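First comes the structure, then the notes that go with it.
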Amino acid sequence: MAYSTDMEGARAMGRGIDMSPKHAIEVCTAIRGKRVEAAKKFLENVMTKEEHVPFKRFNKQVPHRSGGPGRYPVKAAKHILGILKNAEANADSRGMDTERLYIAHAKADKGRAYARRAAKGRMKTHTLQTVNVEIVLKEA
Numbered sequence: 005m006a007y008s009t010d011m012e013g014a015r016a017m018g019r020g021i022d023m024s025p026k027h028a029i030e031v032c033t034a035i036r037g038k039r040v041e042a043a044k045k046f047l048e049n050v051m052t053k054e055e056h057v058p059f060k061r062f063n064k065q066v067p068h069r070s071g072g073p074g075r076y077p078v079k080a081a082k083h084i085l086g087i088l089k090n091a092e093a094n095a096d097s098r099g100m101d102t103e104r105l106y107i108a109h110a111k112a113d114k115g116r117a118y119a120r121r122a123a124k125g126r127m128k129t130h131t132l133q134t135v136n137v138e139i140v141l142k143e144a
């Protein structure tokens, strides 16, 4: 769903981020609809491995935790936390009340794939998948 620039709310995007698309999609699903402070605390707990991200879509061969299948995608949580803080700063600059913000839209999808040289000087290549993330905040 495309959003125009004149919509009410604050938006932040990250393009071409080097992280797993599957992990990014699951993290965005987990934080969508939450208050900003709760989402930031959740992402910090994921980075310290105190709380897991429930995997609802990509859960084949995923170990079970207390709340169902889940993992600790630290790298994805770190990048999405940075984008969330950027969206919060954008909301503050637009004059929105930062205490009442919630995540109205959080989306991650596959970005551009790059060919990289394989390790140890080998001539073959492997592809590096990137991710595009979009977060929109609104006042409750």
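Each residue of the sequence shown is one higher than the one before, counting from 5 in the numbering used here. All residues carry an ideal CB built from backbone N, CA and C; glycine is no exception. Keep in mind it's a predicted model, so treat the numbers as computed, not measured.
Listed in chain order, the beta strand (DSSP E) runs fully inside the stretch 93 to 129 are 105 to 121, counting runs of at least 3 residues. For A144, no alpha helix (DSSP H) run applies, since DSSP gives it neither H nor E. With the rule of 3 Cβ pairs closer than 8 Å, the stretch 79 to 87 counts as touching the stretch 15 to 27. Contact between the stretch 98 to 113 and the stretch 60 to 78 is not established, with fewer than three Cβ pairs separated by less than 8 Å.
Boundaries of the beta strand (DSSP E) harbouring M17: 14 to 21, taken from the DSSP string. In this model, A119 and G125 are separated by some 15 Å (Cα to Cα).
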